[in-house]
Every structure is written in C-alpha cells, then in structure tokens.
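See structure below.
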Amino acid sequence: MGDKKKTLNEVTAGDLSEIFENLRKDGFIFRADFSQISKRLLKECLSINPFSEDFQTLVISYLEHIEFDKKRKDKFEDEIFKDFRNEERKRILAAIENEKDFHKYICKNYFDLKREPKEELLEAFNKSSNL
Numbered sequence: 001m002g003d004k005k006k007t008l009n010e011v012t013a014g015d016l017s018e019i020f021e022n023l024r025k026d027g028f029i030f031r032a033d034f035s036q037i038s039k040r041l042l043k044e045c046l047s048i049n050p051f052s053e054d055f056q057t058l059v060i061s062y063l064e065h066i067e068f069d070k071k072r073k074d075k076f077e078d079e080i081f082k083d084f085r086n087e088e089r090k091r092i093l094a095a096i097e098n099e100k101d102f103h104k105y106i107c108k109n110y111f112d113l114k115r116e117p118k119e120e121l122l123e124a125f126n127k128s129s130n131l
C-alpha cells in the first residue's frame with residue numbers, strides 16, 4: 001500500500017488485495033481468526049496499533065478514521081445513496097456492540113470474508129480426507 005497510510009475511505013481494491021496477498025503469502029491468513037486478520041488490516045490504516053489497544057479505543061479510532069459522525073451536506077444527494085449510507089451506519093452500530101462482531105464486520109466489509117479462512121481450510125481438509 002506504500003509508505004503513506006491511506007484512510008479506509010481511500011483504499012482501493014488493489015490496496016486491499018495487496019494487504020490480503022501479504023497475509024496469504026506468509027500463511028498467516030490460514031492460522032488467524034477474524035480478530036487477528038482485522039487488526040492486521042487496521043494496523044495498515046489507523047494511526048494506532050490495534051494489537052496494543054483495548055477494544056473501546058480501537059472502535060473510537062475506527063469511527064473517527066472513517067468519519068462516521070461527519071454530516072453530509074449535499075442537499076442534492078440521491079435518496080438511494082442516503083438510504084444506503086443509513087443502512088451502512090446501522091450495520092456499523094450493530095458491529096461495534098461487541099469485539100467479535102466488530103472484527104467479523106471489518107473482515108466482511110473490506111476482504112469479503114464470510115468465514116474464517118482457517119475454518120474453510122479445515123473443512124476442505126476434512127472433506128478430502130473422507131473421500
């Protein structure tokens with residue numbers, strides 16, 4: 001992603017792909033849970049170290065980082081986009097209620113991970129060994 005940290009609002013699919021590839025390259029992705037994967041991504045973007053901060057500090061930093069409380073002033077904004085943004089706000093508010101849901105949300109939202117890769121790998125191994 002380069003030397004300068006980008007905000008999560010600025011990262012491109014290529015940036016996320018690069019971070020994911022680095023996680024895959026060293027095999028970390030197949031040993032890590034959502035929390036560890038999420039923290040590796042957030043470490044690339046946030047000004048704090050997610051591995052050394054408590055959950056509340058991490059959430060506050062994330063919300064500030066994505067400008068969660070910033071008011072939109074575009075009076076010509078299409079209703080569809082307004083509805084989309086409101087739904088996304090609801091998802092974020094639900095996700096920050098507990099740490100497990102928060103990290104799952106980060107992984108789903110930025111890497112499109114619905115299940116932990118280590119669980120997928122284990123399931124694939126079990127299926128192949130049962131043949």
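In terms of the working numbering, the sequence shown has 26 at position 26, counting the first letter as 1, and numbering is strictly consecutive.
C-beta: ideal position from N, C-alpha, C; glycine also.
Restricting attention to Phe34, Pro117, Val59, the CA atom closest to the CA of leucine 46 is found in Val59. For valine 11, no alpha helix (DSSP H) segment is defined, and its DSSP state is neither H nor E. Note on phenylalanine 81: under 16 other CB atoms within 10 angstroms of its CB, so exposed under the neighbour-count rule. In this model, aspartate 15 and asparagine 126 are separated by some 33 Å (Cα to Cα). Closest by C-alpha distance to asparagine 22, out of Asn9, Leu8, Glu10, Ile37, is Ile37. CA-to-CA, the gap between leucine 113 and cysteine 107 works out to about 5 Å.
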